[in-house]
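Asks:
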Amino acid sequence: MKKLLNSHEFVVFLILMIISIVIGFRNPLFFSASTLFDIVRGSIVYCIMGLGVLMVLISGNVDISFVAIAAMTSYSTHMLLLGLGYSGGIGLYLVVSIVFGLLAGLLMAFIVNQFDLPIFYVSLGYQTLWYGFNLFFIGRAMNFNLPEGLVGYYSRFLIKVKDPVAGETGLHVSVVYLLIIAIFVWWLLKYTTFGRGLYAMGGNREVAIRAGFNVKRITYLMLALSGALAAVAGVIQGAYSRSFNPVLFMGQDLDVIAAVVIGGAAITGGRGSVVGTILGVLLIQVLNRGLIFLGVSAEWQKMVVGLVLIIFISIPAIAEQRQGRLKYFPMGKEK
Amino acid sequence: MAEQKRGKFPGGFRFNIEDRVLLLSVVLIILVIFFGAIEDRFLTGSSIRSMAFQCPEIGLMGLGMAIAMMIDGINLSINDTANLSALIAGLSIVKLAPFFAGHEFLSIVVVFLVAIATGAACGALNGLLAGYIGAPPILATLATLTLYRGISVVITGGKTLTGFPKELSIIGHQVVMGIPIPFVIFLIVGILMYFVLEYTTFGFKVRMSGTNPTAAKFSGIDNRSIAMKVYILSGILGAIAGIIVMSRTNSVAYEYGTRTYILLTLLISVLGGTSPGFGNVVGVILATFILQVLSTGFHMLLLGVRGSSFFKDFSWGVLFIAILIIDHFMRREKSI
Chain A
232 MKKLLNSHEF VVFLILMIIS IVIGFRNPLF FSASTLFDIV RGSIVYCIMG
282 LGVLMVLISG NVDISFVAIA AMTSYSTHML LLGLGYSGGI GLYLVVSIVF
332 GLLAGLLMAF IVNQFDLPIF YVSLGYQTLW YGFNLFFIGR AMNFNLPEGL
382 VGYYSRFLIK VKDPVAGETG LHVSVVYLLI IAIFVWWLLK YTTFGRGLYA
432 MGGNREVAIR AGFNVKRITY LMLALSGALA AVAGVIQGAY SRSFNPVLFM
482 GQDLDVIAAV VIGGAAITGG RGSVVGTILG VLLIQVLNRG LIFLGVSAEW
532 QKMVVGLVLI IFISIPAIAE QRQGRLKYFP MGKEK
Chain B
44 MAEQKRGKFP GGFRFNIEDR VLLLSVVLII LVIFFGAIED RFLTGSSIRS
94 MAFQCPEIGL MGLGMAIAMM IDGINLSIND TANLSALIAG LSIVKLAPFF
144 AGHEFLSIVV VFLVAIATGA ACGALNGLLA GYIGAPPILA TLATLTLYRG
194 ISVVITGGKT LTGFPKELSI IGHQVVMGIP IPFVIFLIVG ILMYFVLEYT
244 TFGFKVRMSG TNPTAAKFSG IDNRSIAMKV YILSGILGAI AGIIVMSRTN
294 SVAYEYGTRT YILLTLLISV LGGTSPGFGN VVGVILATFI LQVLSTGFHM
344 LLLGVRGSSF FKDFSWGVLF IAILIIDHFM RREKSI
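Protein sequences, first through last, are from chains A and B. The first sequence: position 276 = 507 (this note's numbering), numbered continuously. The second sequence: position 319 = 362 (this note's numbering), numbered continuously.
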């Protein structure tokens, strides 16, 4: 019990609750099923991408190419299936795009492993490469022609509620995908050699190699999975917004990483959890939407979010400094 | 990343060519010859001049990113620092316009002063968070990115700011002895940065702090104050880039370049061979030229092809990864 209370996830959960209560106190409309479902719905794709990011962060690396992989896989899949005259549902979309995502991840892991390069550096090139590929070889415009099976997908709810303001809304079915993926990643991290290897790599790469972890194989699996998760997120986002976008998520890479880190993953590796990641994404979503409920005008929102982020980042850093744990390590890593 | 011929100490004037600089020079020459051979318009005065007008803003931001990466930091807020600095400078010049009636050239000085002061202030906040408070730079500068963009939105109400005095556009549109003024500024700043990083005690401390902060600390270097100075310098470089953008486009918008410029500055910085403790201004400048040549070259070659302006993104990614791979083999040969 004490362990739970001291955990980072619990602190994030507390902050999330406090913020929600403050917002709800100022504006009772915030406490409604439709708001809750709306926040969940807005979080799903970021949670799915975030779980891929989580694995990479735990291993002590930073990857920013996942947004481009999400855009490339979903847009290519859409254009391919549209060209073939496909009219079914989301199933085949997911399968094809996951294959693309796995391949893109494997290719990246091949470059990283074969030439002994840092993942962050390769991902810089990889991001601009895939966005460029999408725009030049596949298409430049957003595509709104959905196959019949996908047309009603954005309003397929598990639980429906009537809301006086928003009309009929509910808990979206894609939350099931998130649950399956979250449990899968949790299982991977906790009970498999791969998962333990990720933590070992992030703790100390050399020691992980000496301990007998096959670091190269772990890198292959990690980047392939991260690519596949990005692909799933891309397709779901396309189905939500009823359009497939060649520059999907462009410029949002760092926001996702920030959410995962706020959820307790260390940017230097070795620390992070599935629950924390989901809470981190929810926190950002609640903050963004909560400001609307507090009556903060759209112009001031970005600035307020920036200030809150600075406070969120500073408090743990100051606390660690007080305890004397953190000397000065700019990226936080001891050499 | 690349282990280079090192052993520089402040005081001694030595010139050594590093492997990465050599590699980038060869790639740049090959690219220029390639585009020059198959495209007549590429090596003309007007095309070279237009490239020289375009690359300084991103090159200056790349330098700002590179110096932050040299101390194992990162400055993701550099583009928004540039926008915010230009915005505040632009606003002050518009508000003070009656005051400077008849002395418009003086107003340019004011623009520079205000922008650089703003850039330095933005950098100081980054330095405070990343250096003194000890937050991970990637998060600290991401938070300040959001804050600076937020301030820009609040100040302008989301609109684009225009209506600057005519004299301001001179910086972005005129040439001195055939060389565009932005490019002159870029070169001057580049030479200054080269001098500061290679031949001053500060530059040496930056490298020390980046290579091994613990060792630096025990040899009496105050890592925090180095980080603070580096981020302030980075912010000032961003502010200069902001002035060039403002004067070239005759406008300031809070959203200028926000989607692609951060990635681009990271590309330039890493391509130029920057890594904690290591880095070279010449490499960063060459990397800027390479990206600009690829962009202009492919734009000319593929003119009329659907989506031609996007091929550059693809080529940047491919070339970037290719250079990382070549660099890997060069390093390996050396270690054998």
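We put the CB at the ideal spot given by N, CA and C, even for glycine.
At a cut of 8 Å, does the segment 282-289 of chain B reach the segment 125-144 of chain B through at least three beta carbon pairs?
Replies: Verdict: yes, contact present.
Asks: Whose C-beta lies closer than 6 Å to the C-beta of residue 498 of chain A among residues of the same chain, with five residues either side of it excluded?
Replies: Here residue 498 of chain A refers to the residue found at position 267 of the first sequence. Hits under 6 Å: 492.
Asks: Assuming residue 363 of chain A and residue 360 of chain B make a contact with CB atoms under 8 Å, what is their CB distance in whole Å?
Replies: As a working note, residue 363 of chain A is residue 132 in the first sequence. As a working note, residue 360 of chain B is residue 317 in the second sequence. Yes, residue 363 of chain A and residue 360 of chain B are in contact; Cβ-Cβ is about 6 Å, under 8 Å.
Asks: List the DSSP bridge partners of residue 399 of chain A.
Replies: Numbered from its first residue, the first sequence carries residue 399 of chain A at position 168. BP columns for residue 399 of chain A point to A:393.
Asks: Please name the residues in the segment 352-369 of chain A whose beta-carbon is closer than 7 Å to at least one beta-carbon of chain B, in chain order.
Replies: Residues 352, 353, 355, 356, 357, 358, 359, 360, 362, 363, 364, 366 and 367.
Asks: Please go through the segment 281-366 of chain B and give each complete alpha helix (DSSP H) segment of 4 or more residues, from N-terminal end onward.
Replies: With a minimum length of 4 residues, the continuous alpha helix (DSSP H) runs that stay inside the segment 281-366 of chain B are 304-314 and 324-344.
Asks: Counting pairs of beta carbons, one from the segment 255-267 of chain A and one from the segment 466-477 of chain A, are three or more of them closer than 8 Å?
Replies: The segment 255-267 of chain A vs the segment 466-477 of chain A: no contact.
Asks: Quick one: grab the DSSP three-state call for residue 326 of chain A.
Replies: Along the first sequence, one-based indexing puts residue 326 of chain A at 95. Note: residue 326 of chain A maps to helix in three-state DSSP.
Asks: Under the three-state reduction of DSSP, which class applies to residue 527 of chain A: helix, strand or coil?
Replies: Numbered from 1 along the first sequence, position 296 holds the residue referred to as residue 527 of chain A. If DSSP states are grouped into helix, strand and coil, residue 527 of chain A belongs with coil.
Asks: Do we get a CB-CB distance below 8 Å when we pair residue 552 of chain A with the residues of chain B?
Replies: Sequence index remark: in the first sequence, residue 552 of chain A carries index 321 (1-based). Residue 552 of chain A counts as touching chain B.
Asks: Are the CB atoms of residue 112 of chain B and residue 268 of chain B nearer to each other than 8 Å?
Replies: Position 69 of the second sequence, counted from the first residue, corresponds to residue 112 of chain B. Position 225 of the second sequence, counted from the first residue, corresponds to residue 268 of chain B. No.
Asks: Could you round the C-beta distance between residue 229 of chain B and residue 107 of chain B to whole angstroms and report it? I think they count as a contact, below 8 Å.
Replies: Numbered from its first residue, the second sequence carries residue 229 of chain B at position 186. Numbered from its first residue, the second sequence carries residue 107 of chain B at position 64. The Cβ separation is near 12 Å, so there is no contact.
Asks: Taking 8 Å as the CB-CB limit, is residue 187 of chain B close to chain A?
Replies: Stepping through the second sequence from its first residue, residue 187 of chain B is reached at position 144. By this cut-off, residue 187 of chain B is an interface position.
Asks: Take residue 128 of chain B as the anchor and find which of B:376, B:194 and B:202 has the nearest alpha-carbon.
Replies: On the second sequence, residue 128 of chain B is found 85 positions in, with the first residue counted as 1. Comparing Cα positions, the closest option is B:194.
Asks: Go ahead and pull the three-state DSSP assignment for residue 374 of chain A.
Replies: Sequence index remark: in the first sequence, residue 374 of chain A carries index 143 (1-based). Strand at residue 374 of chain A.
Asks: Three-state secondary structure (DSSP) at residue 198 of chain B?
Replies: For the purposes of this step, residue 198 of chain B is identified with residue 155 of the second sequence, where counting begins at 1. The answer is helix: DSSP assigns residue 198 of chain B an H, G or I state.
Asks: How should residue 99 of chain B be labelled, buried or exposed, when 16 other C-beta atoms within 10 angstroms of its C-beta is the threshold for buried?
Replies: Stepping through the second sequence from its first residue, residue 99 of chain B is reached at position 56. It counts as buried.
Asks: Tell me residue 223 of chain B's beta-bridge partners as DSSP assigns them.
Replies: Here residue 223 of chain B refers to the residue found at position 180 of the second sequence. Looking at the DSSP assignment, residue 223 of chain B forms a beta bridge with B:218.
Asks: Is residue 429 of chain A helix, strand or coil when you go by DSSP?
Replies: Counting from one through the first sequence, the residue named residue 429 of chain A turns up at place 198. Reduced to three states, the DSSP call for residue 429 of chain A is helix.
Asks: At which residues does the alpha helix (DSSP H) containing residue 363 of chain A begin and terminate?
Replies: Counting from one through the first sequence, the residue named residue 363 of chain A turns up at place 132. Unbroken alpha helix (DSSP H) run through residue 363 of chain A: 350-364.
Asks: Please confirm if residue 371 of chain A has its CB atom under 8 Å from at least one CB of chain B.
Replies: Looking up residue 371 of chain A in the first sequence gives position 140. Judged by the 8 Å Cβ criterion, residue 371 of chain A is in contact with chain B.
Asks: Please identify the residue among A:435, A:325 and A:551 whose C-alpha is closest to the C-alpha of residue 467 of chain A.
Replies: Position 236 of the first sequence holds residue 467 of chain A. It is A:325 whose Cα lies nearest to the Cα of residue 467 of chain A.
Asks: Touching or not, the segment 339-348 of chain B and the segment 140-152 of chain B, by the rule of three or more beta carbon pairs under 8 Å?
Replies: Output reads no: the segment 140-152 of chain B does not touch the segment 339-348 of chain B.
Asks: At a CB-CB cut-off below 7 Å, which residues of chain A make contact with residue 194 of chain B?
Replies: Your numbering for residue 194 of chain B matches position 151 in the second sequence. Simply 534.
Asks: So residue 279 of chain A and residue 518 of chain A are supposed to be a Cβ contact under 8 Å. How far apart are they, rounded?
Replies: Along the first sequence, read from residue 1 onward, the residue named residue 279 of chain A stands at position 48. Along the first sequence, read from residue 1 onward, the residue named residue 518 of chain A stands at position 287. Residue 279 of chain A to residue 518 of chain A, Cβ: 20 Å. No contact.
Asks: Does the segment 67-77 of chain B touch the segment 328-340 of chain B, meaning 3 or more C-beta pairs lie closer than 8 Å?
Replies: Because the criterion of three Cβ pairs below 8 Å is met, the segment 328-340 of chain B and the segment 67-77 of chain B touch.
Asks: Ordered along the chain, which non-local residues of its own chain (more than five positions away) have a Cβ less than 6 Å from that of residue 65 of chain B?
Replies: Start at 1 with the first residue of the second sequence, and residue 65 of chain B comes out as number 22. Result list for residue 65 of chain B: empty, nothing under 6 Å.
Asks: Using the three-state DSSP reduction, which class does residue 549 of chain A fall into: helix, strand or coil?
Replies: Walking along the first sequence from the start, residue 549 of chain A turns up at place 318. Of the three classes helix, strand and coil, the one that applies to residue 549 of chain A here is helix, per DSSP.
Asks: Using a 10 Å radius around the Cβ and a threshold of 16 neighbouring Cβ atoms, would you call residue 225 of chain B buried or exposed?
Replies: Stepping through the second sequence from its first residue, residue 225 of chain B is reached at position 182. Buried is the call here.
Asks: Starting from residue 244 of chain B and walking both ways along the alpha helix (DSSP H), at which residues does that stretch end?
Replies: Here residue 244 of chain B is taken as the residue at index 201 of the second sequence, counted from 1. Residues 244-254.
Asks: Look up residue 315 of chain A in the DSSP assignment and say whether it is helix, strand or coil.
Replies: Position 84 of the first sequence, counted from the start, is the residue given in the question as residue 315 of chain A. Looking at residue 315 of chain A - three-state DSSP - the assignment turns out to be coil, as it is neither helix nor strand.
Asks: Could you tell me how far apart the beta carbons of residue 184 of chain B and residue 296 of chain B are, in whole angstroms, since I believe they sit closer than 8 Å?
Replies: As a working note, residue 184 of chain B is residue 141 in the second sequence. As a working note, residue 296 of chain B is residue 253 in the second sequence. Going by Cβ atoms, the distance from residue 184 of chain B to residue 296 of chain B rounds to 21 Å, so no, they are not a contact pair.
Asks: Measuring straight from C-alpha to C-alpha, what distance separates residue 247 of chain A and residue 530 of chain A?
Replies: On the first sequence, residue 247 of chain A is found 16 positions in, with the first residue counted as 1. On the first sequence, residue 530 of chain A is found 299 positions in, with the first residue counted as 1. Between residue 247 of chain A and residue 530 of chain A, the C-alpha separation is close to 24 Å.
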